[in-house]
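These notes concern the structure reproduced below.
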Ligand code: GAR
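Residue numbers (the numbering used here): 423 to 637.
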């Protein structure tokens, strides 16, 4: 049985998708805790309602990024997780923190990396006029929104798309690929090997919406 700790900062819909998939698909894994850097993260209520331990490690209580990351690491490690899942965790992480979880920390980013790292990805995509946009699950490295890619899903950018409509279309795909990637990890099928992703018997899925999930 693998242990998972999920970090959130807000709504937590990706966390919710992972919790639901873990139960529905009976993963060999337990979600031990959901930790937020914000006390007002609405996703905490969902976790509590599902019997998952929740904690708040508020970044504003720490004088420096190093101190916050050290405190967060201590709380995460109390659960001895095999995997740390960043699910809308909106913090830049220090190199020692990231190195500590090398090969066992995943992130989802709402763009087809390496395009559009950082914030406001849907606005960036609309501004330059890409025709395809999407989401990426990757192992976390010290570079922000960068790291060996595990899975991507793409969606079309439509004529007259709004940022909100595009975000919703991407989020729907996030909820498919993130649980899938976490499941691969807890099944022992997914690992980081040097700087590359190793995935045993990958499934490439073409969904009925105009999107593709692949590694
Ligand atoms: C998601 O779209 C996720 O990809 C994004 O924040 C949102 C969180 O939503 N993450 C990043 O931008 C990380 N750079 P959620 O709280 O409902 O899962």
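Quick reminder that beta carbons are idealized off the backbone N, C-alpha and C, glycines included. Computed from a predicted model, the values in this text were never measured in an experiment.
CB-CB under 7 Å to residue 439, same chain, minus the five flanking residues each way: which ones, in chain order? 597, 600, 601
Thinking residue 526 and residue 505 are a contact (beta carbons under 8 Å), I'd like their distance in whole angstroms, please. 5 Å
C-alpha distance - residue 614 paired with residue 561, whole-angstrom precision: 8 Å
Relative to the C-alpha of residue 536, which candidate in 443, 606, 566 has its C-alpha closest? 566
Residues in its own chain within less than 6 Å of residue 544 by CB, not counting five upstream and five downstream? 585, 588, 589
What three-state label does DSSP hand residue 425 in the structure shown? strand
Proximity test, residue 532 beta-carbon vs the ligand GAR heavy atom, cut-off 6 Å: yes
Please confirm whether residue 497 and residue 479 have their CB atoms less than 7 Å apart. yes
Check whether the stretch 508 to 519 touches the stretch 545 to 552, taking contact to mean three or more Cβ pairs, one atom from each stretch, closer than 8 Å. no
Starting from residue 518 and walking both ways along the alpha helix (DSSP H), at which residues does that stretch end? 517 to 522
Hey, could you find the ends of the beta strand (DSSP E) residue 578 is sitting in? 571 to 578
Under three-state DSSP, which class holds residue 531? strand
Can you tell which of 477, 583, 556 has its C-alpha closest to the C-alpha of residue 430? 477
Answer with buried or exposed for residue 632, where buried requires no fewer than 16 other C-beta atoms within 10 angstroms of its C-beta. Low confidence applies to residue 632: its pLDDT is 46, below 50, so where it sits in the model is not reliable enough to give any reading.
How long is the line joining the alpha carbons of residue 425 and residue 466, rounded to whole angstroms? 18 Å
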